[in-house]
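Protein sequence lines correspond, in order, to chains A and B. Going by this note's numbering, the final residue of the first sequence carries number 272, and the count climbs one at a time with no gaps. Going by this note's numbering, the final residue of the second sequence carries number 1268, and the count climbs one at a time with no gaps. Here's the structure we're looking at; comments come further down.
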Amino acid sequence: MMQLDHYRIAIRQRSYVDVLDLALRVLRTHAAPLTGLFILGVVPMALFNAYLLQNYLEPETELDIPLTYLWYMLLLVLIEAPLATAAITLYLGEALFQKTVSPRKIARDLIRTFPQMFFFQVLLRIPLIRFVAPWFLLFGVWPYLSEVILLERNPFFRRRRGAMTTIRRLRVLHRGMIGELTGRWMVSMALGGLLFASWGLTFWGLGGMLFNQWEPQGPVYTVFYPAALWLTIGFFTMTRYLSYLDLRIRREGWEVELLMRAEGARLNRQRT
Amino acid sequence: MPSNGDQIDTRIEIVTPENIAFEYRVAGPFRRLPAYLIDLGLRVVLFWLGLMVFMLITGLLGVPGVGLGAGLVWAFLLLWFYGGLFETFWNGQTPGKRMMQIRVVTVDGRPINGLQAILRNILRTVDAIGFYQVGFVSALLTERFQRLGDLACGTMVVIEEPQWLREVLRLGDPEVTDLAARLPYRFQPSLSLGRALAAYVDRRATFAWGRRLEIARYLGEPLREKLNLTAETNLDLLLCALYQRTFVAEREGETPGQSPFAAQGLEK
């Protein structure tokens, strides 16, 4: 549970571009653990994908591009992303709102939340993800699904009348915000595309300069393409977490609560 | 807002040689991107307009080749000096920056000079290496989101935050007015308490009823005790009443102007 008394991040409402800039500041402050968790989560998935798609690398078009490979790789990364980056979200929840970060607690929460994560983020998505049209439903309607499952840890089924469940919490959190969240989703898609292109082309340029390999083959598909995809996913995991905080700040008035607490404490000190 | 120096934020504090401290919000790459795109679009439009004018004039004079040459010189000037000249004469702003409300200043908060403006824009070519990855990584690694051009010139880009007076909300609830009239006049809220009250009243309508009471309790309970009010006093109403007494009544001249807010507004 987040503790507003021990927050390590300035609590106030922010615009989306400010959230994106703040993500860079968070990355800079927590670079080592975030990189470590990113590698831990992503490398096994990336190796698994490479093994799974090794037979699809044959060029299929006149342009010598393995389109099926590229498409399947994108789908696999999108399916795996919530699980691969879950530890990063849990770490941010701990690091920004707790006095100390406990790796054991992160591991325990990861295991505890795995069934819901697998059900909502993998099983429900697989049938629809190969069609581009419903991507908005999958990623845009309840964008903070992972954060709610991982950080709020509501039960899947209602055990008593009126109890909060994951789905009910998702409805409450996102209610009345669909317009704004859709706008943010579209901006993040555009920025994600830009970042992906920027990283991908940079890797390609570096590969060309270092190994004199300018033809789009081999490492361009097997290393640079998935690396650019995963880096983009990793960055947007952080921005999504910070956007989730921003949404809660606005909905629940955290910054007002902090002011109220501070003034209340000041009045209490004056009385005693 | 309670805060401490360890908190992650995009605000930085600058202390002037006169030992005056003030805060800036620095603009990171994502805040600056829309301004850059606006300026890029404007440069493209200016280039084509200039080229058409040059071609038209030189075409009428029968020397269209000169028009093309002039167009290339025009493109060179736009590419290298558009940002520098605007930032020199518009006090650290280009049209894009002005629209996005950001400004280039020196790292100690002073206006930039012409040399800094032109040099930081020329060095943009270095930042643009690797599809702006050099500038992006540099901004990521520096406290003030500085790209290499900024680091070389001792500049940074800050967000302009206009200070304006918070609009006084008239709550218009008879219960609030009634409770406000019963509050003891000897109690005058401090500036920080006034800010907290203003923030609460400004946002309370966006909270669910239960959450509103939960938030009001932190300040409402000690206030209720301090003002010797009964335990049945609604804490949400109490905060609204104190707000009304402090801001609305003061402005309407109903009470003597003892409060620190009588002569000044609250900064939002």
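C-beta atoms are modelled at their ideal positions from N, C-alpha and C, and glycine is treated no differently. No experiment lies behind these values; they were computed from the predicted model shown.
For residue i, three-class secondary structure by DSSP
i, result
"B:Thr-1155", "strand"
"B:Thr-1106", "strand"
"A:Pro-82", "helix"
"B:Trp-1048", "helix"
"A:Ser-15", "coil"
"B:Met-1100", "coil"
"A:Ser-146", "helix"
"B:Asn-1234", "coil"
"A:Phe-157", "coil"
"B:Glu-1225", "helix"
"B:Ser-1259", "Bear in mind that a pLDDT of 47 at B:Ser-1259, under 50, signals an unreliable position, so the number given afterwards is only what the model happens to contain. Residue state, collapsed to three classes: coil."
"A:Arg-25", "helix"
"B:Ser-1192", "helix"
"B:Val-1126", "helix"
Any chain A beta carbon closer than 9 Å to residue i
i, result
"B:Thr-1058", "no"
"B:Arg-1031", "yes"
"B:Lys-1226", "yes"
"B:Asp-1150", "no"
"B:Asp-1127", "no"
"B:Ala-1231", "no"
"B:Arg-1195", "yes"
"B:Glu-1013", "no"
One or two residues paired with residue i in a DSSP bridge
i, result
"B:Glu-1023", "B:Glu-1013"
"A:Ile-9", "B:Ile-1008"
"B:Pro-1111", "B:Val-1105"
Alpha-carbon to alpha-carbon, residue j and residue i
i, j, result
"B:Tyr-1132", "B:Leu-1061", "42 Å"
"B:Ile-1215", "B:Gln-1244", "18 Å"
"A:Pro-226", "A:Gly-200", "9 Å"
"A:Arg-175", "A:Val-141", "10 Å"
"B:Ala-1128", "B:Gly-1135", "6 Å"
"B:Gly-1194", "A:Arg-161", "41 Å"
"B:Ser-1138", "A:Gly-41", "26 Å"
"B:Gly-1069", "B:Phe-1054", "9 Å"
"B:Asn-1091", "B:Thr-1125", "22 Å"
"B:Arg-1032", "A:Asn-268", "44 Å"
"B:Leu-1266", "B:Leu-1223", "Any reading at B:Leu-1266 needs caution, since the residue's pLDDT is 42, under 50, leaving its predicted position unreliable; the model's value is listed next. Straight-line Cα distance between these residues: approximately 21 Å."
"B:Arg-1212", "B:Ala-1241", "15 Å"
"B:Gln-1101", "B:Val-1157", "10 Å"
"A:Ile-79", "B:Leu-1115", "51 Å"
"B:Thr-1206", "A:Arg-251", "7 Å"
"B:Lys-1097", "B:Glu-1161", "13 Å"
"A:Ala-107", "A:Arg-130", "31 Å"
"B:Ile-1012", "B:Glu-1023", "6 Å"
"B:Glu-1018", "B:Asp-1108", "12 Å"
"A:Tyr-91", "A:Asp-109", "10 Å"
"B:Phe-1187", "B:Ile-1014", "36 Å"
"B:Val-1248", "B:Ala-1180", "10 Å"
"B:Gly-1067", "B:Met-1052", "9 Å"
"B:Ala-1208", "B:Ala-1231", "22 Å"
"B:Ala-1027", "B:Arg-1144", "8 Å"
Continuous alpha helix (DSSP H) stretch holding residue i: start and end
i, result
"A:Val-172", "166-174"
"A:Arg-251", "225-252"
"A:Arg-104", "103-117"
"B:Phe-1086", "1064-1089"
"A:Arg-184", "178-211"
"B:Gln-1133", "1129-1141"
"A:Ile-126", "126-129"
"A:Gly-41", "31-52"
"B:Glu-1175", "1174-1182"
Closer than 9 Å to chain B by CB, residue i
i, result
"A:Val-141", "no"
"A:Gly-253", "yes"
"A:Val-43", "no"
"A:Asp-246", "no"
"A:Met-177", "no"
"A:Gly-205", "yes"
"A:Met-1", "Residue confidence for A:Met-1 is low, a pLDDT of 49 falling below 50, so the modelled location carries little weight and cannot support an answer."
"A:Leu-201", "yes"
"A:Arg-266", "yes"
"A:Ile-88", "no"
"A:Ser-146", "no"
"A:Met-189", "no"
"A:Glu-257", "yes"
"A:Tyr-91", "no"
"A:Arg-153", "no"
"A:Glu-263", "yes"
"A:Ala-32", "no"
"A:Ile-106", "no"
"A:Thr-29", "yes"
Residue i beta carbon near the ligand COA (any heavy atom closer than 8 Å)
i, result
"B:Gly-1083", "Among the components modelled here there is no ligand, and therefore nothing to report on the ligand COA."
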